[in-house]
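In our numbering, the protein residues as written are 34 to 351. Note that the Cβ used here is the ideal one computed from N, Cα and C, for glycine as well. All remarks here apply to the structure that follows.
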């Protein structure tokens, strides 16, 4: 990843450091890589594409994605005086997956809830930045109205694939991302300009047809995505829907992505698969009590679907 030369920002403040100085601090928190972008308005073309996606209803019932449009358009509204965004990637690739024939959970959900883990780890990075260079910081995971993948691209961290996943060149897409917004001015990295090119493997593999073969990520239809249907969608699932063995999320598009052949297992302890989750069978989920659910999925992203959601999904397996 290359960095632009030292310069002053619009406020006349010289950059205090860049990628080389920040990366060691980020790696101490478990991040694989980072990218740095100047804080400012989101490009109009990106805003218009996002608004078209919303107007077409492709976000399904995820109404929160349509809120706080002013903040999504300008991250400086999240932190007064913001100058830089530091986007960090954390590997969650499991060293082992569930055995064949059991209800399958998406890889990202096999460990602890990434929201909690990233907030703590990015909090350490934010503290290190304040201690060394001063200024104010704000940590954002995906609950803040921030166009994270847009800023990941602007920071040079990676590019957004046809399946709407952020892809780190040479490393793949099994990464969580989080952002530290800071009032300290850091040298920005060069935006990533890579694309999927002619590859359409994810579109061919998508069981719900959510990925348009001749489109791009802006054409992604969440309403047809099994991750959306098994996690975000409330109420009955579409008639005739068959989930295969998927009970929470779907990794089909990532499993066939050629970039993921370079993936290596995570060394972040919190993201290692829980033995209790790996051992779950269909009968165990079907008979699970609320108390058992709370115990097995304590501090887990799976709680978002609730026990009723898991049991609903189980009825559509196979």
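When the distance is taken between beta carbons, is residue j closer than 7 angstroms to residue i?
i: residue 273; j: residue 154; result: no
i: residue 185; j: residue 162; result: no
i: residue 239; j: residue 285; result: yes
i: residue 270; j: residue 259; result: no
i: residue 118; j: residue 212; result: yes
i: residue 255; j: residue 91; result: yes
i: residue 122; j: residue 179; result: no
i: residue 136; j: residue 306; result: no
i: residue 250; j: residue 309; result: no
i: residue 276; j: residue 218; result: no
i: residue 330; j: residue 144; result: no
i: residue 116; j: residue 216; result: yes
i: residue 120; j: residue 152; result: no
i: residue 334; j: residue 142; result: yes
i: residue 87; j: residue 79; result: no
i: residue 224; j: residue 233; result: no
Secondary structure at residue i, three-state DSSP: helix, strand or coil?
i: residue 210; result: strand
i: residue 66; result: strand
i: residue 201; result: strand
i: residue 281; result: strand
i: residue 104; result: helix
i: residue 301; result: coil
i: residue 117; result: strand
i: residue 314; result: coil
i: residue 124; result: strand
i: residue 176; result: coil
i: residue 47; result: strand
i: residue 267; result: coil
i: residue 80; result: helix
i: residue 35; result: Per-residue confidence for residue 35 stands at a pLDDT of 41, beneath the threshold of 50, marking its modelled position as unreliable; no derived number is given.
i: residue 137; result: strand
i: residue 335; result: helix
i: residue 288; result: helix
Between which two residues does the alpha helix (DSSP H) containing residue i stretch?
i: residue 327; result: 323-329
i: residue 235; result: 234-238
i: residue 339; result: 339-347
i: residue 164; result: 147-166
i: residue 181; result: 181-187
i: residue 52; result: 52-60
i: residue 243; result: No alpha helix (DSSP H) contains residue 243, which DSSP labels as neither H nor E.
Can you give the beta carbon distance from residue i to residue j, rounded, assuming they're within the 8 angstroms contact cut?
i: residue 125; j: residue 147; result: 7 angstroms
i: residue 280; j: residue 343; result: 6 angstroms
i: residue 193; j: residue 235; result: About 12 angstroms; that fails the 8 angstroms criterion.
i: residue 293; j: residue 205; result: 4 angstroms
i: residue 265; j: residue 93; result: 7 angstroms
i: residue 140; j: residue 207; result: 6 angstroms
i: residue 242; j: residue 220; result: Actually they do not touch by this definition, with Cβ atoms about 43 angstroms apart.
i: residue 131; j: residue 311; result: 6 angstroms
Would you give the residue range spanned by the beta strand (DSSP E) that residue i belongs to?
i: residue 173; result: 170-173
Given a threshold of 16 other Cβ atoms within 10 Å of its Cβ, counted over all protein chains shown, does residue i qualify as buried or as exposed?
i: residue 278; result: exposed
i: residue 222; result: buried
i: residue 108; result: buried
i: residue 167; result: exposed
i: residue 227; result: exposed
i: residue 39; result: Bear in mind that the predicted position of residue 39 carries a pLDDT of just 45, short of 50, making it unreliable; the figure below should be weighed with that in mind. Its Cβ having fewer than 16 others within 10 Å, residue 39 is exposed.
i: residue 332; result: exposed
i: residue 35; result: With a pLDDT of 41 at residue 35, under the threshold of 50, the predicted position of this residue should be treated as unreliable, though the coordinate-derived value follows. Residue 35 should be labelled exposed.
i: residue 230; result: exposed
i: residue 164; result: exposed
i: residue 56; result: buried
i: residue 188; result: buried
i: residue 65; result: buried
i: residue 71; result: buried
i: residue 89; result: exposed
i: residue 112; result: buried
i: residue 171; result: buried
i: residue 268; result: exposed
i: residue 252; result: buried
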